[in-house]
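Undergrad: Got a structure for you, questions after.
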Amino acid sequence: MPLASRRPIGAIFVPIALLIGACSGPGLSAPASIQAEAIDRQAGAVERDWFRDLNSAEYDTVIKNSRGTYVVLLRNSNCAPCDQMSRSIRSLEPYGGENRPNVGVVDIESNFEIYQKLNIRSVPTTIVYRDGSQVARTSGSMDSRKFSDWIEPYWMG
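Per our numbering, the sequence shown starts with residue 53, numbered consecutively.
Next comes the structure, spelled out in structure tokens:
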């Protein structure tokens, strides 16, 4: 078979791994990182109205014009604790409507200016703004329950 007509192995493995992860029985599953990426892509497509990517050009404008609670997650795309924190923040989805804060996600690799401007020392870092003013900041990852407990006074208060 000519080299040009061969499919890259990743083009075959990824869909198979996703299928296995979606249809797995006990002891049979795709690698956790592939499953997490698939879940993040699916969740991101549905939740874009309140959970959005922010870039350097729009950051200041979005924060200044935000009303109520606005949560910003500064993360790196290759960071497992960042992925966990992203899932913890997405767990706010069931609260819906005005009780759920809007969320902006900043990828520090492509928006390093924000990282420097906000004096971020590690990722993930989560910042809570209320009516455009910073009211809380934390670094590190939290599970969904701990995150809900941590953010409740800022988003409900």
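We treat Cβ as the ideally placed atom computed from N, Cα and C, and that holds for glycine.
#1: Locate the alpha helix (DSSP H) running through residue 117, then write down its first and last residues.
#2: May I ask you to list the residues that DSSP assigns as paired with residue 179?
#3: Shorter than 7 Å from the beta carbon of residue 138 to some beta carbon of chain B?
#4: If you run the structure through DSSP and keep just helix, strand and coil, what is residue 105?
#5: Using the C-alpha atoms, what's the distance from residue 201 back to residue 195?
#6: Can you grab the Cα-Cα spacing for the pair residue 184 / residue 153, in whole Å?
#7: Excluding five sequence neighbours on each side, which residues of the same chain lie with their C-beta closer than 8 Å to the C-beta of residue 129?
#8: Measuring straight from C-alpha to C-alpha, what distance separates residue 164 and residue 176?
#9: Residue 98 to residue 169, Cα distance in whole Å?
TA: Taking the coordinates as given:
#1: Within the sequence shown, the letter at position 65 stands for residue 117. Per DSSP, residue 117 belongs to the alpha helix (DSSP H) from 108-117.
#2: Taking the sequence shown and counting its residues from 1, one reaches residue 179 at position 127. Per DSSP, the beta-bridge partners of residue 179 are 124 and 189.
#3: Chain labels in this structure do not include chain B; a single protein chain is all it has.
#4: Here residue 105 refers to the residue found at position 53 of the sequence shown. Three-state result, residue 105: strand.
#5: Counted from its first residue, the sequence shown places residue 195 at position 143. Counted from its first residue, the sequence shown places residue 201 at position 149. So the alpha carbons of these two residues sit roughly 10 Å apart.
#6: For the purposes of this step, residue 184 is identified with residue 132 of the sequence shown, where counting begins at 1. For the purposes of this step, residue 153 is identified with residue 101 of the sequence shown, where counting begins at 1. One C-alpha to the other measures close to 13 Å.
#7: The count along the sequence shown starts at 1 and reaches residue 129 at position 77. These residues qualify, in order along the chain: 159 and 161.
#8: Here residue 164 corresponds to residue number 112 of the sequence shown, with the count starting at 1. Here residue 176 corresponds to residue number 124 of the sequence shown, with the count starting at 1. Cα-Cα distance, rounded: 14 Å.
#9: Position 46 of the sequence shown, counting from 1, holds the residue named residue 98. Position 117 of the sequence shown, counting from 1, holds the residue named residue 169. Residue confidence for residue 98 is low, a pLDDT of 38 falling below 50, so the modelled location carries little weight; the figure read from the coordinates is stated next. When rounded, the distance between both Cα atoms is 31 Å.
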